[in-house]
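Numbering (numbering that gives the first Met the number 0), first residue to last: 0 to 969.
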Amino acid sequence: MAESSRATRHMLKATDDGSIEDYDKWIGRGADMSGTDKKGQNALHFLVKQGKFNMLQHILTSKPEVCQLVNKVDSKGWSPLHLCCIQHPVELRTLELLLTFGGDPTIEHRCGNCKDLVDKDAKDFLHWRKRHNKGLPSDIRLLPNKLIVEYMGRFGHLDDDFTLNYDKFLEEGQVESAVIQIVIAGPQGVGKTTLLHSMTGSKVKKNGPNPTRCIEMFPMKFTIDLDDVTTEDHGDGTDYMTYLQQFVDTVLKRMEDSGLPRSQTWLKRHLSISSRSGQEVAVSRQKTKGTNSKANLSILDFSGDDVYQDIQHWFMTNHGVYFLIFSLKEYPHLVKVLDGIFTRLQYISLYHEDGNHPAVILVGTHLDKVPNSAQKYEQIHAEIMEHLQGYSDVGKYALEHVKGVFLVDNHDLSQKAKDQIWQAVTGAAIDGPKWRRLVPTRWLALEREIILYKDSGHKVMTFGNFCTIAKELAVPIQDDEQVKDVLRFLHKKKSILICQTASSITSHDPIVVDTQWLINQLVELLTVKQPYVSSQFVESFLERDSKEGKPRNKKNFIAAVTRLSLIAEPLPAKTENKASYYVVPCMLPPVNNKLIGSILDQANKSSSLWVVSNDQFIPPALNDKLLTIFINRFEVLFDPISRESLIYRHNAGFIVNPGLNLTLQCSSSMVKLTLFSSTGSQMHDGIGNIIRQSVVGLFEDPKKFECRFLYEDGSKENFVKVSDDGSFSRKSVSLNQDLSRDMAIWFGQTPDSAATGTSFNPKEDPELSPKRLSHVAKHIGNSYAVVCACLGVETAVVEQERYQHRHLDFRSQLTKILLRWRALQKGRASLGKLIEAMKMNNLSHEEMLLDPVWAGETAMTKLKDADAALIPGIDLSSSPTSDDLAVITGIVGPSFLVFFLELDLDYCDIQKAMELHQRQSEKVLNMYLLEFWGQRLGSKATFSRIISAMHETHLDTSQLKHINPRNSHC
Numbered sequence: 000m001a002e003s004s005r006a007t008r009h010m011l012k013a014t015d016d017g018s019i020e021d022y023d024k025w026i027g028r029g030a031d032m033s034g035t036d037k038k039g040q041n042a043l044h045f046l047v048k049q050g051k052f053n054m055l056q057h058i059l060t061s062k063p064e065v066c067q068l069v070n071k072v073d074s075k076g077w078s079p080l081h082l083c084c085i086q087h088p089v090e091l092r093t094l095e096l097l098l099t100f101g102g103d104p105t106i107e108h109r110c111g112n113c114k115d116l117v118d119k120d121a122k123d124f125l126h127w128r129k130r131h132n133k134g135l136p137s138d139i140r141l142l143p144n145k146l147i148v149e150y151m152g153r154f155g156h157l158d159d160d161f162t163l164n165y166d167k168f169l170e171e172g173q174v175e176s177a178v179i180q181i182v183i184a185g186p187q188g189v190g191k192t193t194l195l196h197s198m199t200g201s202k203v204k205k206n207g208p209n210p211t212r213c214i215e216m217f218p219m220k221f222t223i224d225l226d227d228v229t230t231e232d233h234g235d236g237t238d239y240m241t242y243l244q245q246f247v248d249t250v251l252k253r254m255e256d257s258g259l260p261r262s263q264t265w266l267k268r269h270l271s272i273s274s275r276s277g278q279e280v281a282v283s284r285q286k287t288k289g290t291n292s293k294a295n296l297s298i299l300d301f302s303g304d305d306v307y308q309d310i311q312h313w314f315m316t317n318h319g320v321y322f323l324i325f326s327l328k329e330y331p332h333l334v335k336v337l338d339g340i341f342t343r344l345q346y347i348s349l350y351h352e353d354g355n356h357p358a359v360i361l362v363g364t365h366l367d368k369v370p371n372s373a374q375k376y377e378q379i380h381a382e383i384m385e386h387l388q389g390y391s392d393v394g395k396y397a398l399e400h401v402k403g404v405f406l407v408d409n410h411d412l413s414q415k416a417k418d419q420i421w422q423a424v425t426g427a428a429i430d431g432p433k434w435r436r437l438v439p440t441r442w443l444a445l446e447r448e449i450i451l452y453k454d455s456g457h458k459v460m461t462f463g464n465f466c467t468i469a470k471e472l473a474v475p476i477q478d479d480e481q482v483k484d485v486l487r488f489l490h491k492k493k494s495i496l497i498c499q500t501a502s503s504i505t506s507h508d509p510i511v512v513d514t515q516w517l518i519n520q521l522v523e524l525l526t527v528k529q530p531y532v533s534s535q536f537v538e539s540f541l542e543r544d545s546k547e548g549k550p551r552n553k554k555n556f557i558a559a560v561t562r563l564s565l566i567a568e569p570l571p572a573k574t575e576n577k578a579s580y581y582v583v584p585c586m587l588p589p590v591n592n593k594l595i596g597s598i599l600d601q602a603n604k605s606s607s608l609w610v611v612s613n614d615q616f617i618p619p620a621l622n623d624k625l626l627t628i629f630i631n632r633f634e635v636l637f638d639p640i641s642r643e644s645l646i647y648r649h650n651a652g653f654i655v656n657p658g659l660n661l662t663l664q665c666s667s668s669m670v671k672l673t674l675f676s677s678t679g680s681q682m683h684d685g686i687g688n689i690i691r692q693s694v695v696g697l698f699e700d701p702k703k704f705e706c707r708f709l710y711e712d713g714s715k716e717n718f719v720k721v722s723d724d725g726s727f728s729r730k731s732v733s734l735n736q737d738l739s740r741d742m743a744i745w746f747g748q749t750p751d752s753a754a755t756g757t758s759f760n761p762k763e764d765p766e767l768s769p770k771r772l773s774h775v776a777k778h779i780g781n782s783y784a785v786v787c788a789c790l791g792v793e794t795a796v797v798e799q800e801r802y803q804h805r806h807l808d809f810r811s812q813l814t815k816i817l818l819r820w821r822a823l824q825k826g827r828a829s830l831g832k833l834i835e836a837m838k839m840n841n842l843s844h845e846e847m848l849l850d851p852v853w854a855g856e857t858a859m860t861k862l863k864d865a866d867a868a869l870i871p872g873i874d875l876s877s878s879p880t881s882d883d884l885a886v887i888t889g890i891v892g893p894s895f896l897v898f899f900l901e902l903d904l905d906y907c908d909i910q911k912a913m914e915l916h917q918r919q920s921e922k923v924l925n926m927y928l929l930e931f932w933g934q935r936l937g938s939k940a941t942f943s944r945i946i947s948a949m950h951e952t953h954l955d956t957s958q959l960k961h962i963n964p965r966n967s968h969c
């Protein structure tokens, strides 16, 4: 009996703490689920008081015996329902949950029953709930108060039959994706935004609209009737309710189709549709198509400023209808009239899926500026199409995919012109392959949930976050691969932005939820118009973001833009732990061809590898992305004479390893790569393969591009065509021995020391401990990309490790990569294989083996005489106090992994600490590890060891001056 009573007390304590795990544990040990405390309060009283909704839901749904406690009162006459009602504001989801499981709102207390205790919103809810025994649909009942109240206001007339059908549809149904994605683009000053306002009937300021900054997004703001092409503005309501409206309309349509009386459901449907704008709609029995005749418009309005094209590139889609706007002010000079249209057509032609390209609508504005325009309309129309088709690079595309050309006055767009343009748009959308695509209803439920997170201030979330959210839906999505499918679907709609290829996404990868926020931040970055920006600057302008200023947005912004390759973080110098600046590739100056040419002329160079488009436009944004990848992967080359950094817009020089350099040159139709060396270092077979793969892997459609291998001896073009499987065929040239050797460098198999590595005597081949691998990482340094390829580590694995551990300093990231390599080798990893990979990359392994760490794990760097003066008055053989540790932890920063390995902390202990403090700052983690180190080593935890570890980790030992001088003891 005593044991049961004890278990019950612990069970109530678990409910007070909100611990589901502890609650279940004590129930298993015999706790009485209906047990109470001294005040007569049971588990439900505790959970309602503490606001533990998730646990309350878990207990009521999984423990039927607990449901009888909903109306049990305590010693003062309060039931759990009463306690819920005296909260202000009342949490409606908790109130709905208690009512669903038998809560009786009429139970009297001396202060009254439930309706006497609640606030206005809850009183309205109780009134609504009295007429709806089935309650709210399952995913609506989980929403915040504001949205539940809005739901009742909009859809409160719908009866319990609707709720039952809603839940059934949520569980089993599919919904049509009737969204028309419109992208409006064109040069500056042609009237794009004015045309948008005129087409949608939205209000314009007296002085006209403000110029668009990069992109303005209008997701699901407008609806179009596909019969009469009239548009409807949803106003300033929440995006969530717009998506919910689409879902409700679909459920009502299914109810009607299933045989319910038309006079009932059809009228209800149109009443619900009319409630969006707050205006009454005359009900006509002639119009019977219902939701089938409507589609939502999702509009992206692109600025015409070329500086934003690198951002806009990420928001283009193959599922949209493009409006290309141009001005007729310069007519009849069609070259000037269509200036900027050709490049945009080239961009659009890149986007397709399964051979289906997006449709294009051309709209010429300022027709009123053309003399006798009414008489010349047909003539101008014909001249424009003829002019477009005369260009070989876009003419064929224009002929097949331009679905209409319209010429309009700028400020007086007639209703006839609007109708004609909208008819062309809807016709093009309906003819598209993805029109009315059926998707599982759960997908839409997840999409709506994502909108809620965006509205609550979340800007960027990880794939892991989305998987967790999907599993917690009213109708969960358990399969992570299906979550990927949902995210791909939303990415194509540009509701979210996946920052890398969805197929290779990991749980830590960022996904932009608030795309307009990302655009606004990038606009702020680009207005600086500087190619090099400090990390401090990025942090400072991010502090200006936000109404809420959540710190996590800073890190998330950097994570997103680096993953999108919109900014690049250069590799740090050998004596640095982290680069002090970022590069904005689209802001770099034009190429200094003379300087790059002079360096190549003085070097021993290989033949060039060309990636050549087959009559295909390579957009500047793609070249900038390639440049970003190289900046993140290789060290930027400096001219030895001028000391100028060889990095320009679309062109750069890089150090691949100490004996091998690389030039990258890009244009609108090709990418050229040349390996060269001024030292005569040997180029091993396949050494260029990692570089070739970086370029070829960037292009989504390899059929549009060829890898051509050119021997630049002044003769005719010689090339090697590479097939999809990596094999190559020689074309119209007799290849000499030197050329064949170069081919092996570019097209041979990447060297793999796992197969060819030096075999060491096991007695002489030491264990590759984390600390020793950290020292290997120090000597590999900025040559890591090709060294890892020689070790057989896939590029994707290397990039994932660097990204996942981006919060660490560079050497720690490389240590993590080597640890991953050691794990993948499954016991076959050896120092010999590392040395072989270093030899192939002209790295000195002899120097590495002189490190004391190979002689013994506890070997320390020898202190210099100057080190004794770092902390005046302190014996370096003494141990630091807690105050001293507070100073040291601020110096260590993101270098803690290498630093604590040098202090001989066990790697497993460091890992556990990182997991324990993953949601806390580096300072908290560093302080914990320093205290743990002090406890573990006792009197051996000395200042001298700390200074030695700082030297090895390239930390600023001069900062130790902030430690108070004294004779320090533990």
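Every residue, glycine too, gets a C-beta built ideally from N, C-alpha and C.
All values reported here derive from a predicted model rather than from experimental measurement.
Own chain partners of residue i with C-beta closer than 6 angstroms, once the 5 adjacent residues on each side are dropped
i       : result
Cys665  : Asn622, His649
Leu570  : Glu634, Asn781
Ala1045 : Past the boundaries of the shown model lies residue 1045; the chain is included only from 0 to 969, so the question cannot be answered.
Phe899  : Ile909, Leu928
Tyr307  : Cys213
Met151  : Trp127
Ser677  : Ala602
Environment of residue i [buried if 16+ CB atoms lie within 10 Å]
i      : result
Thr627 : buried
Gln477 : exposed
Ser947 : buried
Arg642 : exposed
Asn41  : buried
Asp513 : buried
Asp741 : buried
Leu489 : buried
His156 : exposed
Anticipated Cβ contact below 8 angstroms, residue i with residue j, distance rounded
i      : j      : result
Leu672 : Met682 : Wrong, their Cβ atoms sit about 13 angstroms apart, outside the cutoff.
Asp309 : Pro619 : 7 angstroms
Gly685 : Gly747 : 4 angstroms
Tyr239 : Leu146 : 6 angstroms
Glu930 : Leu884 : 7 angstroms
Under 8 angstroms between C-beta atoms of residue i and residue j
i      : j      : result
Phe536 : Thr505 : no
Thr222 : Thr230 : yes
Val886 : His961 : yes
Cys706 : Leu772 : no
Tyr390 : Ser348 : no
Val47  : Thr105 : no
Ile557 : Val582 : no
Asn144 : Glu95  : no
Leu59  : Phe100 : yes
Val424 : Ala416 : no
Own chain, CB closer than 7 angstroms to residue i, minus 5 neighbours either side, in chain order
i      : result
Trp313 : Leu496, Leu563
Lys777 : Arg810
Thr192 : Pro208, Thr211, Asp300
Mind pulling the alpha helix (DSSP H) runs of 4 or more residues that sit fully within the region 287 to 374? 308 to 311, 333 to 336, 340 to 348
Segments of 4+ residues assigned as alpha helix (DSSP H) that fall wholly inside the region 58 to 88: 79 to 84
For a minimum of 3 consecutive residues, which ranges assigned as the beta strand (DSSP E) are wholly contained in the region 606 to 678? 607 to 612, 650 to 656, 659 to 665, 669 to 676
Start-end ranges of the alpha helix (DSSP H) lying completely within the region 797 to 876, minimum 4 residues: When DSSP assignments are scanned along the region 797 to 876, the uninterrupted stretches of alpha helix (DSSP H) that are 4 or more residues long and fall wholly within it turn out to be 809 to 824, 830 to 839, 844 to 848.
For the region 377 to 416, which segments carrying the alpha helix (DSSP H) assignment without a break, of at least 4 residues, lie completely within its bounds, in sequence order? 391 to 400
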